[in-house]
Amino acid sequence: MSFENIILTMENNIALIHFNRPKALNALNNAMFDDLDQALDQVRDNPDIRVLVLTGAGDKAFVAGADIVELSEMTPLQGKYFSRKGQKVFSKIEDLPIPAIAAVNGYALGGGSEAALACDFIYASEKAIFGLPEITLGLIPGFGGTQRLARVVGNNRAREMVFTGKNITARQALDYGLVNQVCAPEDLMEAVMKTAGNIAAKGCVALRAAKEVIHNGTNTDLETGCRIENDAFGLTMASVDAKEGTAAFLEKRKPVFKGGLN
Ligand code: DAK
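FYI, the numbering for the sequence shown is 605 to 866, going by my numbering.
Have a look at this one:
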């Protein structure tokens with residue numbers, strides 16, 4: 605199935621989604637959210653897919669925020685439903701059973717930073733710019749940004765970014781712990797796909813368990829998180845890949861993970 609506002613490709617166990625409205629710097633409108641929602645269902649329901657990568661089409665932007673033209677014409681009630689739709693779609697990224705990586709190739713403003721924050725981690729081009737400029741429009745971040753940014757960079761840095769609406773560079777984002785790696789623009793996708801390939805080669809059951817445990821565990825206290833980890837650890841021990849991984853170690857060979865959900 606093809607989409608008007610995004611491009612979805614799935615090969616070598618990796619799904620790649622490009623936000624694809626380069627003339628509007630990939631700004632998020634209602635139609636793009638609808639496309640993204642459907643594409644994420646396809647990714648989630650395809651048992652061969654083990655990693656998702658999100659990036660922006662063109663060389664200027666990951667996503668330059670919500671579509672300001674569309675926003676400016678919304679009634680408050682339409683705004684409420686737009687915000688809810690965005691939150692739901694970004695939560696769908698976060699709730700995927702597989703890891704998601706954001707490859708931020710340019711502007712990631714407002715909803716763009718919020719989309720990247722919904723991923724498990726972020727690699728950025730040296731040209732990337734992050735920010736939550738909603739306050740400069742008389743708004744606040746409406747797609748989970750006030751919550752996810754503080755959890756990643758800490759309360760005080762998040763407060764400063766949200767209260768001032770100031771942008772930060774890729775290097776600052778690295779310093780804040782917002783991005784894991786900064787690459788030359790021409791090297792970004794190669795670096796992301798290499799990491800995605802590394803992850804995709806791992807045991808499927810363990811990967812899914814790790815994602816779920818980190819996600820559920822970090823939203824609770826340490827003791828509860830460790831209990832969630834216990835249960836998931838037991839489950840991974842029942843997998844074919846765990847038998848293969850431990851046998852390979854003892855036989856001094858490389859493991860060959862089958863990758864299926866077994
Ligand atoms: N929406 C619509 N069009 C946009 C856009 C956007 N966010 N960003 C850029 N464009 C369009 C420009 O209008 C321009 O279109 P044409 O004039 O060529 O037709 C084209 O993309 C190229 O942009 P520029 O000519 O401006 O390019 P520059 O390189 O000069 O500047 C820039 C790049 C990223 C610095 C600049 O475009 C810019 O400042 N863009 C706006 C960034 C921004 O403020 N984004 C919004 C963030 S706030 C909520 C729901 C959602 C939200 C909040 C509340 N509720 C419902 C309560 C979220 C809001 C946000 O995401």
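Each residue gets a CB set at the ideal place from its N, CA and C atoms; glycine is no exception.
- In the DSSP assignment, Ile697 falls within the alpha helix (DSSP H) that extends over Pro680 to Asp699.
- Here Ala706 really is in contact with Ile726; their C-beta atoms are around 4 Å apart, less than 8 Å.
- Around the beta carbon of Arg752, 16 or more other beta carbons sit within 10 angstroms, so the residue counts as buried.
- The nearest non-hydrogen atom of ligand 1 is 7 Å or more from the C-beta of Ala805.
- Sequence-distant partners of Ala628 (beyond 5 residues in either direction) whose C-beta falls short of 7 Å from its own C-beta, in its chain, are Asp671.
- The segment 676-695 and the segment 716-736 touch, with no fewer than 3 CB-CB distances between them shorter than 8 Å.
- Nearest C-alpha to Gly807 among Glu848, Ile739 and Glu764: Glu848.
- Just measuring C-alpha positions, the residue of Thr773, Leu640 and Thr840 sitting nearest Ile621 is Leu640.
- Partner residues in the beta bridge of Met614, as assigned by DSSP, are Ala619.
- Cα atoms of Asp845 and Leu839: separation of roughly 11 Å, rounded to the nearest angstrom.
- Note on Ser606: under 16 other CB atoms within 10 angstroms of its CB, so exposed under the neighbour-count rule.
- Assigned with DSSP and collapsed to three states, Gly849 falls in helix.
- By the criterion of a C-beta distance shorter than 8 Å, Thr824 is surrounded in its chain by Ile832, once the five residues flanking it on both sides are discounted.
- If you compare the alpha carbons of Ala842, Phe747 and Pro701 with that of Leu656, the shortest gap goes to Pro701.
- In this chain, Leu629 is not harboured by any alpha helix (DSSP H), its DSSP state being neither H nor E.
- Here the distance from the Cβ of Glu738 to the nearest heavy atom of ligand 1 is below 7 Å.
- Closest by C-alpha distance to Cys787, out of Gly710, Ser676 and Pro737, is Gly710.
- Buried is the label assigned to Ser843, since at least 16 other Cβ atoms lie within 10 Å of its Cβ.
- Annotation: Gly749 to Ala728 spans about 18 Å, alpha carbon to alpha carbon.
- Judged by the Cβ position, Phe686 qualifies as a neighbour of ligand 1 at the 7 Å threshold, a heavy atom of the ligand being closer than this.
- At the C-beta level, Ala661 and Asn634 stay beyond 8 Å of one another.
- If you compare the alpha carbons of Asn630, Pro859 and Ile818 with that of Cys723, the shortest gap goes to Ile818.
- In this structure the segment 795-813 does not touch the segment 669-689; the number of beta carbon pairs closer than 8 Å is below three.
- Judged by beta-carbon spacing, Glu738 lies within the 8 Å limit of Gly769, meaning their Cβ atoms are closer than that value.
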